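Each residue of the sequence shown is one higher than the last, beginning at 292 in our numbering. Some notes on the structure that comes next.
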Amino acid sequence: MVQHTPPRKTLRIGASAKKLDIGVSTVWLKINTEPDFPRPFKLGPRTTVFFEDELDAYLERCAAKSRQADAQKIIAQSPHVIDLCVQAKPVPDPADSCATMPSFPEAPKR
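Now the structure itself:
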């Protein structure tokens, strides 16, 4: 029994840019400057395409890196947040607020 793999879907540069939510010129910039950016290939002299699943994998890698960086920022800021909580003064009990309010002189009688 022969198993057939489904054909991989391709996207042209404009559709790839739209999928990544960036401009076409930014796609070309990433092709030329980012080693981990998916490599396009030529179907003809004027037709360049990407495999869509490679773009999906790139998006997943970007999301994972971003989430990891966000988590590290939160962890790095945690000691400061804990310090602020420890240094914070307790909120006075509303029932005792009248006892701690300053007294004002009585208004003159007319």
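Glycine residues also receive a C-beta, built at the ideal position from the N, C-alpha and C atoms. On a predicted model such as this, the values are computed, not experimentally measured, just so you know.
- Straight-line Cα distance separating Lys400 from Ala390: Reliability of the predicted coordinates at Ala390 is poor, the pLDDT of 49 falling under 50, and no value is obtained from them.
- Tell me the DSSP bridge mates of Lys333? Thr339
- Message: Contact defined as beta carbons within less than 8 Å: I believe Phe341 pairs with Thr301. What is the distance between those atoms, to the nearest angstrom?
- Response: 7 Å
- Query: Do the segment 343-362 and the segment 304-321 touch if we need at least three Cβ pairs shorter than 8 Å?
  - Reply: yes
- Under 7 Å Cβ to Cβ from Arg358, same chain only, skipping five residues before and after it: list those, please. none
- Message: Comparing C-alpha positions only, which one of Leu311, Thr296, Pro297 sits nearest to Arg303?
- Response: Leu311
- Item | Residues bridged to Thr301 (per DSSP) | Phe342
- Task: Using a threshold of 8 Å, state whether the C-beta atoms of Pro326 and Thr339 are closer than that.
- Result: no
- Message: Using only CA atoms, which one of Gln294, Ile366, Ile313 lies nearest to Leu350?
- Response: Ile313
- Query: Given a threshold of 16 other Cβ atoms within 10 Å of its Cβ, counted over all protein chains shown, does Val315 qualify as buried or as exposed?
  - Reply: exposed
- Message: Can you find the residues in the same chain that come closer than 8 Å, C-beta to C-beta, to Asp361, ignoring five residues on each side of it along the sequence?
- Response: none
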